[in-house]
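In the numbering used here, the protein residues as written are 5 to 375.
To start, the structure under review is shown below, and the notes come after it.
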Amino acid sequence: QQLDAARFVDVSPGANQETWYQEVDTPPTPNAQAAVPDTFLRDYGVPRENRDEMAEAAMADVRVLRIWRRRCPELRLEWRTRWHGVTFGRGANLGRVVKIVLMHQGLTGALPVELGQLAELKVLQLPSNRLTGEVPVELGHLAALEELNLGNNYLIGEVPTVLGTLARLRMLNLAMNRLTGEVPAALGQLAELEDLYLGDNQITGTVPAALGHLGALRLLRLNNMQLTGAVPPALGQLAELRTLNLEGNRLTSVPSELGLLGALEQLNLRNNQLTGEWETLIGHLGDRGVLVSFGADAPEITPSARRDCFPEHPSGPMPVSDADVLRQWRYYCPQLQELWPADSDVSTWSGVTFGGAGLEAAAGRMVGIDL
């Protein structure tokens, strides 16, 4: 068995990618190529002149993992015998770290700046841990990154502006931390971004108009922070936006341009300081079936205004379907957001059963939840 310089051994070329390396109590060898054996590279058709370079790059990624393991007590246990939660690439990315998913592991300490050296990393998901310190600006070097989820930790400092350079990023979740500063306008450069979670932080300032440039954005959550001023009309340009949550801020007005959001399904404006003529917008969206929450802390709508906004339901809020109930639950539950894809039909969501033709009285109604 060949040992790599990180004191790990390749257990099997055909093994699961997450189990390529096992820790052993044997002195290391200086041969860096042992991290990805020559026979393995040959079997994958890697030209001989490229093998040393690929092996060295794979070893560099392993060294980053070892640095983090050395600094994090929980990883010293979790990564004692294998790289749990780590996926290594194949093909052109053979042996490179392409995915790290470590949810609910109780990880402590700061994120190592060396993570910025994982040049082929596509997914970094570390939600619901106990991570502290700042979001490393070095993460802005991860040009291949598509998903960054650091939600529900104890991170401090500001949202790094450099994250706006991650051109392939599709999901950014920094919610439920202790971040301060303002929402960087540079995030408006993320042309591929579909989901942006920044809520439940101590972020101040205004909603940047630059976010209106996020043409692929489907979900925007800026809830429970300290944002002030007017919601920019530029958000009305987000043609793909389905969920907009601005709850729990100090926003003073919403633009009529939000009525142009043809894909919008949910709008939450609860607990703000809204003034001006916004009831008409609420009514327009309600007529389209958008689930709107404006809450008791929004300006009181008089009975006559309510009848104008919701003429078919003058005595109370508009009723919602069973599917709307599930969408609302998903909206407030991060775990369900991972389990239930927003772009799929509710009837296909895992653990949910709807009545069919054999249940005439319950046809189209939810009859079971098994989670």
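Ideal Cβ placement from N, Cα and C applies to all residues, glycine included.
query = At a cut-off of 7 Å, is Phe298 close to the ligand GDP when judged by its beta-carbon and the heavy atoms of the ligand?
reply = Although the ligand GDP was asked about, the structure shown includes no ligands whatsoever.
task = Determine the direct distance from the alpha carbon of Leu218 to that of Ala234, and round the result to whole angstroms.
result = As a working note, residue 234 is residue 230 in the sequence shown. As a working note, residue 218 is residue 214 in the sequence shown. One alpha carbon belongs to Ala234, the other to Leu218, and they sit about 19 Å apart.
request  = Measure the Cβ-Cβ separation of Leu154 and Thr136 and say whether it is below 8 Å.
outcome  = Here residue 154 refers to the residue found at position 150 of the sequence shown. Here residue 136 refers to the residue found at position 132 of the sequence shown. Going by C-beta atoms, Leu154 is not nearer than 8 Å to Thr136.
query = Taking DSSP as the reference, what is the three-state secondary structure of Thr284?
reply = Your numbering for residue 284 matches position 280 in the sequence shown. If DSSP states are grouped into helix, strand and coil, Thr284 belongs with the helices.
ask   = Is it buried or exposed for Thr279, if we count other Cβ within 10 angstroms and need 16 for buried?
value = As a working note, residue 279 is residue 275 in the sequence shown. Thr279 is exposed by the Cβ-count criterion.
task = Starting from the N-terminal side, write out each stretch of the beta strand (DSSP E) that is 3 residues or longer and does not extend beyond the region 133-158.
result = Here the runs fully enclosed are 134-136, 151-153.
query = Using the C-alpha atoms, what's the distance from Gly240 back to Leu248?
reply = As a first step, residue 248 is located in the sequence shown; it is residue number 244 there, counting from the start. As a first step, residue 240 is located in the sequence shown; it is residue number 236 there, counting from the start. For Leu248 and Gly240, the distance between alpha carbons rounds to 11 Å.
ask   = If we count the other Cβ atoms within 10 Å of its Cβ and call it buried at 16 or more, is Arg80 buried or exposed?
value = The residue given as residue 80 occupies position 76 in the sequence shown. When all chains shown are included, Arg80 counts as exposed.
message = Restricting to Cα atoms, I'd like to know which of Ser348, Gly209, Leu262 is closest to Trp282.
response = Your numbering for residue 282 matches position 278 in the sequence shown. Closest by alpha carbon: Leu262.
message = If I measure Cβ to Cβ from Glu162 and keep anything under 7 Å in the same chain, skipping five residues before and after, which residues do I get?
response = In the sequence shown, residue 162 corresponds to position 158, counting from 1. Contacts found: Leu183, Thr184, Gly185.
request  = For Gly263, name the three-state secondary structure that DSSP assigns.
outcome  = Here the question's residue 263 lines up with position 259 in the sequence shown. Correct three-state label for Gly263: helix.
task = Pick out the complete beta strand (DSSP E) segments inside the region 51-100, 3 residues or longer, and give them in chain order.
result = Segments of the beta strand (DSSP E) lying fully in the region 51-100: 90-92.
request  = Give me the Cα-Cα distance between Glu244 and Lys126, rounded to the nearest whole angstrom.
outcome  = By one-based count along the sequence shown, residue 244 stands at place 240. By one-based count along the sequence shown, residue 126 stands at place 122. Distance between the alpha carbons of Glu244 and Lys126 is about 23 Å.
query = By DSSP, does Thr352 sit in helix, in strand, or in coil?
reply = In the sequence shown, counting from the first residue as 1, residue 352 sits at position 348. In the three-state DSSP reduction, Thr352 falls in the helix class (H, G or I).
ask   = Three-state secondary structure (DSSP) at Gly320?
value = Counting from one through the sequence shown, the residue named residue 320 turns up at place 316. Its pLDDT being 36, under 50, Gly320 is placed unreliably in this model, and the value from its coordinates should be taken loosely. If DSSP states are grouped into helix, strand and coil, Gly320 belongs with coil.
inquiry  = Per DSSP, what are the beta-bridge partners of Thr184 in this structure?
reply    = Locating residue 184 in the sequence shown gives position 180, where the first residue counts as 1. According to DSSP, which records beta bridges pairwise, Thr184 is partnered with Glu162.
Cutoff 7 Å; reference Gly89; Cβ partners in own chain excluding five residues on either side = Here the question's residue 89 lines up with position 85 in the sequence shown. Only Ile104, Val105, Leu106 meet the Cβ criterion.
inquiry  = DSSP has Thr112 in a bridge; who is on the other side?
reply    = The residue you call residue 112 lines up with position 108 of the sequence shown. DSSP, once it has assigned bridges, lists Arg134 as partnering Thr112.
ask   = Roughly how many angstroms separate the alpha carbons of Glu196 and Val166, rounded to a whole number?
value = Looking up residue 196 in the sequence shown gives position 192. Looking up residue 166 in the sequence shown gives position 162. Cα to Cα, Glu196 sits roughly 16 Å from Val166.
query = Where does Leu173 fall in DSSP's three states?
reply = Position 169 of the sequence shown, counted from the first residue, corresponds to residue 173. Note: Leu173 maps to coil in three-state DSSP.
query = Would you say Gly110 and Glu78 are within 8 Å of each other, going by their C-beta atoms?
reply = Looking up residue 110 in the sequence shown gives position 106. Looking up residue 78 in the sequence shown gives position 74. A contact, by the Cβ cut-off of 8 Å.
8 Å contact criterion, which Ala61 and Arg100 should meet: CB distance rounded = Residue 61 sits at position 57 when you count from the first residue of the sequence shown. Residue 100 sits at position 96 when you count from the first residue of the sequence shown. With a beta-carbon spacing of about 6 Å, Ala61 and Arg100 fall inside the 8 Å limit used to define contacts.
inquiry  = Suppose you measure from the CA of Asp326 to the CA of Trp353; what does that come to, to the nearest Å?
reply    = For this step, residue 326 is matched to residue 322 along the sequence shown. For this step, residue 353 is matched to residue 349 along the sequence shown. Computed Cα separation, rounded: 13 Å.
ask   = Roughly how many angstroms lie between the CA atoms of Val371 and Arg334, to the nearest whole one?
value = Here residue 371 is taken as the residue at index 367 of the sequence shown, counted from 1. Here residue 334 is taken as the residue at index 330 of the sequence shown, counted from 1. Those two C-alpha atoms are separated by around 18 Å.
Gln270 in three-state terms, based on DSSP = Taking the sequence shown and counting its residues from 1, one reaches residue 270 at position 266. The answer is strand: DSSP assigns Gln270 an E or B state.
task = Quick one: using the 10 Å Cβ neighbour count with 16 as the cut-off for buried, is Thr85 buried or exposed?
result = Counting from 1 along the sequence shown, the entry for residue 85 is found at position 81. Looking at its Cβ environment, which holds fewer than 16 other Cβ atoms inside 10 Å, Thr85 is exposed.
message = Considering Cα atoms alone, identify which of Asn253, Leu191, Thr91, Glu198 is closest to Leu273.
response = Here residue 273 is taken as the residue at index 269 of the sequence shown, counted from 1. Of Asn253, Leu191, Thr91, Glu198, the residue nearest in Cα terms is Asn253.
ask   = Do Leu202 and Leu226 have their C-beta atoms within less than 8 Å of each other?
value = Locating residue 202 in the sequence shown gives position 198, where the first residue counts as 1. Locating residue 226 in the sequence shown gives position 222, where the first residue counts as 1. A contact, by the Cβ cut-off of 8 Å.
ask   = Is the beta carbon of Arg331 sitting closer than 8 Å to the one on Leu285?
value = Counted from its first residue, the sequence shown places residue 331 at position 327. Counted from its first residue, the sequence shown places residue 285 at position 281. For Arg331 and Leu285, no; Cβs fall outside 8 Å.
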